[in-house]
Amino acid sequence: MPKRYDYIIIGAGIIGTSLGARLAESGKSVLILDKQGIAGGASGGNLGQISLMDRFEPWHLDLAMEAQDYYKQLQKRVPIGYRQHGGSILLMNQNQITRAEEVRALQVPRGLSMELLTPKEARNLEPGLKKEGLKAMVYCRQEGSLDPLALTFHMADTAVSNGAYIRIGETVQELVLSTQGIERVVTDKDSYQADTVINCAGGWAEQVAAMVGDELPIRSHKGTALVTQPLPPFLTTTLVGGGFLMEETGEEGSDLRVGTAICQHENGSIIIGQVTETAETDDRSMGHIGLSQMTANILNYFPDLMGVDILRAWAVSTSYSADGKPVMGYSDKVDNLFTVAGFKGAFTTAPAVADRAAKMLLRGETFIPEAVPRREHRRKQ
Ligand SMILES: Cc1cc2nc3c(=O)[nH]c(=O)nc-3n(C[C@H](O)[C@H](O)[C@H](O)COP(=O)(O)OP(=O)(O)OC[C@H]3O[C@@H](n4cnc5c(N)ncnc54)[C@H](O)[C@@H]3O)c2cc1C
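In structure tokens:
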């Protein structure tokens, strides 16, 4: 195995594997390192929902639509569980309805279908939905879901068949600097060199940046979710709470927050999220209070799920950016450090994000700032 590469990618989540596959396809030598495993972080612990309505900026919706086309084509060759069954947002008060109408006015002219349903129409679409006080539901038929593990492993396999190396169970501990930038990537097992180091460490991206004294506006929180025994068809769409339409970016120091997110996967299992809370990135503990609040919340919406067996619950660190804008570009501090992190619900856009990142890395292409925010992380001139 070589010791020197064109690119070393830190993180084998959906972003790192997609970008690794793309760079290796272009003939570059690539090493992907992950301290856990492929999809060992948030990419292996999420609901697989493909949400489009909450991509408010035009560049974000464009990337999401491009990724959907990619998934549709990929599903014909590879079983990634991609299904376009529609997605719904539950609206519980007038503020949320007003916001849904605003978002609808933005998104429909951009090609997204968004129907505002009455509670009766919502129940026709989702007969299991029995929440009292539901005011309305907004439905987008282009939304859907996929199997996040299948997709991430497919991207990792593609990277390897394109010539990339992947080393798992190997923690990047130090980025050794010289006057030229990062000279060596030191792990707990070995050390490597690369022309460019790419930080795709998700919720850990801030820690990786800190190794070279850089600061990223990326924060992490712990998300908790659970999966039930397989059931006969119960849900038609993926469903989330009205908070998803608000321009929330997460709050620093926020306490435990219980949101509504639920979908049924192909095998009949229902995946339910999500509790988010501030925690250390490697803290995967599950609080009893959070889990019981999450199940109580879902039973309020879907009381027929009472008595269904929960097979497994888990918690994992996921990233968000403090101001809602992702980071993609070179570090100001270190010339050969590039970051791709903080993309909200990254499964909705990953292949398109990887494509743009690869074009920036390979061809030095730049994008108008509104198209792909790079924030202050630009190569020194
Ligand atoms: C409960 C929950 C539900 C979610 N639901 C959805 C959803 O329905 N739809 C959706 O699109 N998104 C969802 N998300 C968000 C989604 O999972 C993330 O946006 C996505 O997985 C981020 O991918 P990533 O590759 O950037 O990060 P990750 O998948 O977290 O990958 C980062 C990797 O970096 C590795 N790493 C970190 N530090 C080091 C180091 N020092 N050395 C080596 N390796 C290192 C980690 O081990 C990890 O594997 C959810 C997240 C959670 C937690």
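According to the numbering used here, numbering within the sequence shown proceeds without interruption in unit steps and concludes at 710. Where is the CB? At the ideal position from N, CA and C, for every residue including glycine. Given the structure is predicted, the values throughout are model-derived calculations rather than measurements.
Where the alpha helix (DSSP H) through residue i begins and ends
i, result
"TRP388", "387-406"
"GLN436", "423-436"
"ILE343", "343-354"
"ARG452", "448-454"
"ALA681", "679-692"
"TYR630", "617-630"
Short Cβ contact (7 Å threshold) for residue i with residue j
i, j, result
"MET615", "THR678", "no"
"GLY415", "GLU472", "yes"
"LEU574", "ALA429", "yes"
"SER309", "THR589", "Shown here, the chain extends from 330 to 710; a query on residue 309 therefore has no answer."
"TYR334", "LEU352", "no"
"ILE511", "LEU504", "yes"
"ASP476", "GLY369", "no"
"GLN622", "VAL587", "yes"
"GLY532", "THR610", "yes"
"GLY457", "PHE563", "yes"
"ILE367", "ALA341", "yes"
"VAL515", "GLN536", "no"
Alpha-carbon spacing of residue i relative to residue j, whole angstroms
i, j, result
"SER598", "GLY619", "21 Å"
"MET330", "ALA675", "31 Å"
"TYR468", "SER347", "29 Å"
"GLN365", "SER507", "28 Å"
"LEU690", "ASN422", "45 Å"
"LEU634", "GLU461", "16 Å"
"GLY602", "GLY492", "37 Å"
"GLU595", "ASN453", "21 Å"
"CYS592", "GLU499", "33 Å"
"ARG433", "MET443", "6 Å"
"LEU585", "THR481", "28 Å"
"ILE361", "ILE495", "5 Å"
"ALA479", "TYR649", "23 Å"
"ILE418", "GLY571", "6 Å"
"VAL663", "SER380", "35 Å"
Residue interval of the beta strand (DSSP E) (run including residue i)
i, result
"SER549", "547-557"
"PHE667", "666-670"
"ILE601", "599-606"
"SER417", "416-420"
"GLN536", "GLN536 -> not in any beta strand (DSSP E); alpha helix (DSSP H) instead, spanning 534-539."
"ASN528", "520-528"
"THR567", "567-570"
"THR481", "Counting along the chain, THR481 falls outside any beta strand (DSSP E), though it belongs to the alpha helix (DSSP H) covering 477-490."
"THR516", "510-516"
"THR589", "586-593"
Any non-hydrogen atom of ligand 1 closer than 6 Å to residue i Cβ
i, result
"ILE344", "yes"
"GLN390", "Checking the sequence, you will find Leu at residue 390 rather than Gln. It does not: the Cβ of LEU390 is nowhere closer than 6 Å to a heavy atom of ligand 1."
"ASN375", "yes"
"ALA756", "Here the chain comprises residues numbered 330 to 710, so residue 756 is not present and cannot be evaluated."
"ASP363", "yes"
"VAL501", "yes"
"VAL603", "Per the sequence presented here, residue 603 reads as Gln, with Val not at that position. Yes - ligand 1 has a heavy atom lying nearer than 6 Å to the Cβ of GLN603."
"SER598", "no"
"SER372", "yes"
"THR677", "yes"
"VAL467", "no"
"GLY619", "no"
"GLY340", "yes"
"ALA530", "yes"
"GLN471", "no"
"GLY369", "yes"
Residue environment, residue i, which counts as buried when at least 16 other CB atoms sit within 10 Å
i, result
"ARG641", "exposed"
"LYS449", "exposed"
"HIS550", "buried"
"ASP363", "buried"
"PRO387", "exposed"
"ALA683", "buried"
"LYS673", "buried"
"ARG439", "exposed"
"VAL569", "buried"
"GLU581", "Because the pLDDT of GLU581 is 47, which lies under 50, any placement of that residue in the model is unreliable, and the question is left without a value."
"HIS389", "buried"
"HIS483", "buried"
"GLY373", "buried"
"GLY693", "exposed"
"SER490", "exposed"
"ASP383", "buried"
"GLN436", "buried"
Residue-chain proximity (residue i, chain D), Cβ-Cβ < 7 Å
i, result
"LEU446", "Protein chains in the displayed structure number just one, and chain D is not present."
beta-carbon residue i near ligand 3 non-hydrogen atom, thresh 6 Å
i, result
"GLY571", "Of the ligands this structure carries, namely ligand 1, none is ligand 3."
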